[in-house]
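**Student:** Handing you this structure, nothing more for now.
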Amino acid sequence: MPVISAPHAFNEGQLYVDLRPIFGRSLFLKCEGFNFAGSIKLKAAIEMVEAAERDGLLTEDSILVESSSGNLGVALSMIAASKGYRFLCVTDSRCNLSTRLLMEALGSEVQIIADLDANGGFLGARIDYVRALCASDDRYVWLSQYTNPGNWGAHYRKTAPEIAEQFPRLDVLFVGAGTTGTLMGCARWFREWHRPVRIVAVDTVGSVAFGGEPGRRMIPGLGMSMRPPLLDESYVDEVIRVEEADTIRACHRLARRGFLFGGSTGTVVSGAMKWLAEHDARDLTAVAIAPDLGERYLDTIYQSTWLEDLYGVEVLESLEESKGSRGAERVAGAPDRRQEP
Numbered sequence: 036m037p038v039i040s041a042p043h044a045f046n047e048g049q050l051y052v053d054l055r056p057i058f059g060r061s062l063f064l065k066c067e068g069f070n071f072a073g074s075i076k077l078k079a080a081i082e083m084v085e086a087a088e089r090d091g092l093l094t095e096d097s098i099l100v101e102s103s104s105g106n107l108g109v110a111l112s113m114i115a116a117s118k119g120y121r122f123l124c125v126t127d128s129r130c131n132l133s134t135r136l137l138m139e140a141l142g143s144e145v146q147i148i149a150d151l152d153a154n155g156g157f158l159g160a161r162i163d164y165v166r167a168l169c170a171s172d173d174r175y176v177w178l179s180q181y182t183n184p185g186n187w188g189a190h191y192r193k194t195a196p197e198i199a200e201q202f203p204r205l206d207v208l209f210v211g212a213g214t215t216g217t218l219m220g221c222a223r224w225f226r227e228w229h230r231p232v233r234i235v236a237v238d239t240v241g242s243v244a245f246g247g248e249p250g251r252r253m254i255p256g257l258g259m260s261m262r263p264p265l266l267d268e269s270y271v272d273e274v275i276r277v278e279e280a281d282t283i284r285a286c287h288r289l290a291r292r293g294f295l296f297g298g299s300t301g302t303v304v305s306g307a308m309k310w311l312a313e314h315d316a317r318d319l320t321a322v323a324i325a326p327d328l329g330e331r332y333l334d335t336i337y338q339s340t341w342l343e344d345l346y347g348v349e350v351l352e353s354l355e356e357s358k359g360s361r362g363a364e365r366v367a368g369a370p371d372r373r374q375e376p
């Protein structure tokens, strides 16, 4: 029985969901949301905070500050509360309401940025705000998840070895791309492994992380409005881009089988299933990383009014068709009770 005294001391790292019964293709989904921060960002948050402590950057008077679309902000809020630091999260209007309320409940301050940057996103404006804060008061300590090597180092030391332990014959790994910390940490580790592993990055349409035209992105988590400073494309074998409508469809398909995951997970699963459909994957061992769970998305991707306002009735209609197909599948596959002993 685990007994802990600090919330970041617990993080379940060896839970996988076999998605074959839901999607008809073999894919093992590594669930990273079972910790008190609710997401994979706990790993990077711990690594960056503890590195700052070792380097003497944090004192009793320090105020942690970070730009985050949500999950890292929650993880840092939790760690700051546990360690006695003040924390300011700089986010934007796409951050889910429940996520903002959670950070505030943990004692953090949340600053919402409304101005768009040159690429039509909020990231540049958020970073400018953080830089101005740090220039105005030396008590602010910016961990900078976008450039901090602890971001990818956490997944090099923890996430990738966890996957290798359970899947020693791994062939392909699907990783969502945001800051690319998870992607780079896993890719670097598997590059040094005893067998080749194909690394497939999953990005969202409208992100410019791997080039391309910027576009509207309403689901927080994956995607960037600038090239991620941590990204080294030499470690990435392929990039798949997913439309947000397909992210939503994947999330709802999972939810109708009892698995409530977040938007980032829906994007990764949708991209992975697209890749598996286009390749001969019958003998491949494939794993995808699910960054978080779905409770924080109940007022967005699981809320019909929000979906209709942003994506039109077509998305809702496709979800209803999927629901109907699932019901028909269940009835058609039901056993004949007359044959039971």
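If you're matching positions, the sequence shown starts at 36 in the numbering used here and goes up one per residue.
Yeah, the Cβ is synthetic: ideal placement off N, Cα and C, and Gly gets one too.
Note that the structure is a prediction, hence the values are computed from the model and not measured.
(1) Is residue 324 near residue 202, with beta carbons less than 9 angstroms apart?
(2) Select from 183, 219, 170 and 180 the residue whose C-alpha is nearest the C-alpha of residue 194.
(3) Since residue 101 and residue 168 should fall inside the 8 angstroms C-beta cutoff, what is the C-beta to C-beta distance between them, to a whole number of angstroms?
(4) Would you kindly work out how many angstroms separate the C-alpha atoms of residue 36 and residue 199, rounded to a whole number?
(5) On the premise that residue 69 lies in contact with residue 50, defined as a C-beta separation below 8 angstroms, what is that separation, rounded to the nearest angstrom?
(6) Apart from the five residues just before and just after residue 78, which ones in its own chain have a Cβ nearer than 6 angstroms to its Cβ?
(7) Residue 323 lies in the alpha helix (DSSP H); which residues open and close that run?
(8) Determine the closest residue to residue 85 out of 174, 141 and 114, with distance taken between C-alpha atoms.
(9) Are the CB atoms of residue 187 and residue 233 within a distance shorter than 9 angstroms?
(10) Relative to the alpha-carbon of residue 293, which residue among 243, 46, 328 and 272 has its alpha-carbon at the smallest distance?
(11) Could you tell me the distance, in whole angstroms, from the CA atom of residue 215 to the CA atom of residue 354?
(12) To the nearest angstrom, report how far apart residue 266 and residue 303 are at their CA atoms.
(13) By a C-beta neighbour count over all protein chains shown, 10 Å radius and 16 as the cutoff for buried, is residue 287 buried or exposed?
(14) Tell me, which residues are paired with residue 70 by DSSP?
(15) Ordered along the chain, which non-local residues of its own chain (more than five positions away) have a Cβ less than 7 angstroms from that of residue 332?
(16) For residue 127, report the span of its beta strand (DSSP E) as first-last.
(17) Leaving out the 5 sequence neighbours to the left and right, which residues in its chain are closer than 6 angstroms to residue 133 when beta-carbon positions are compared?
(18) Would you kindly check if the distance between the Cβ of residue 152 and the Cβ of residue 98 is under 9 angstroms?
(19) Which value, in whole angstroms, describes the spacing of the CA atoms of residue 314 and residue 95?
(20) Assuming residue 213 and residue 259 are in contact, meaning their beta carbons sit under 8 angstroms apart, how far apart are those beta carbons, in whole angstroms?
(21) Rounded to the nearest angstrom, what separates residue 157 and residue 318 at their Cα positions?
(22) Which residue from 350, 66 and 226 puts its Cα closest to that of residue 47?
(23) Would you tell me roughly how many angstroms separate the C-alpha atoms of residue 83 and residue 165, rounded to the nearest one?
(24) In or out: residue 369 buried (at least 16 other Cβ within 10 Å) or exposed?
(25) Could you spell out where the beta strand (DSSP E) holding residue 87 opens and where it closes?
(26) Keeping to the same chain, check which residues put their C-beta closer than 6 angstroms to that of residue 281; ignore five residues upstream and five downstream.
(27) Report the three-state DSSP secondary structure of residue 38 (helix, strand or coil).
(28) To the nearest angstrom, how far is the alpha carbon of residue 255 from that of residue 142?
(29) Hey, quick one: how far does the beta strand (DSSP E) through residue 461 stretch, first residue to last?
(30) Alpha carbon to alpha carbon, how far is residue 104 from residue 121? Give it in angstroms, no decimals.
(31) In terms of residues, what are the limits of the beta strand (DSSP E) holding residue 236?
(32) Determine whether the beta carbon atoms of residue 277 and residue 334 lie at a separation below 9 angstroms.
(33) Suppose you measure from the CA of residue 127 to the CA of residue 147; what does that come to, to the nearest Å?
(34) Which runs of the alpha helix (DSSP H) fall wholly inside the segment 205-278 and span at least 4 residues, in chain order?
(35) Identify every residue that forms a DSSP beta bridge with residue 63.
(36) Please list the terminal residues of the continuous beta strand (DSSP E) segment that includes residue 146.
**Tutor:** Well, looking at it:
(1) no
(2) 219
(3) Not confirmed; about 11 angstroms, so no contact.
(4) 25 angstroms
(5) 6 angstroms
(6) 189 and 193
(7) Where residue 323 is concerned, there is no enclosing alpha helix (DSSP H), although the beta strand (DSSP E) it sits in stretches over 321-325.
(8) 114
(9) no
(10) 328
(11) 30 angstroms
(12) 18 angstroms
(13) buried
(14) 46
(15) 131, 297 and 298
(16) 121-127
(17) 331
(18) no
(19) 54 angstroms
(20) 7 angstroms
(21) 42 angstroms
(22) 66
(23) 17 angstroms
(24) Residue placement at residue 369 is poorly supported in this model, since its pLDDT is 37, which falls under 50; the coordinates still yield a value, given next. Exposed, by the Cβ-count rule.
(25) Looking at the DSSP string, residue 87 is not in any beta strand (DSSP E); the run it does join, the alpha helix (DSSP H), is 76-89.
(26) 305
(27) coil
(28) 22 angstroms
(29) Residue numbering for the chain in the displayed model covers 36 to 376; residue 461 lies beyond these limits and cannot be assessed.
(30) 19 angstroms
(31) 233-239
(32) no
(33) 5 angstroms
(34) 216-226
(35) 53 and 322
(36) 144-148
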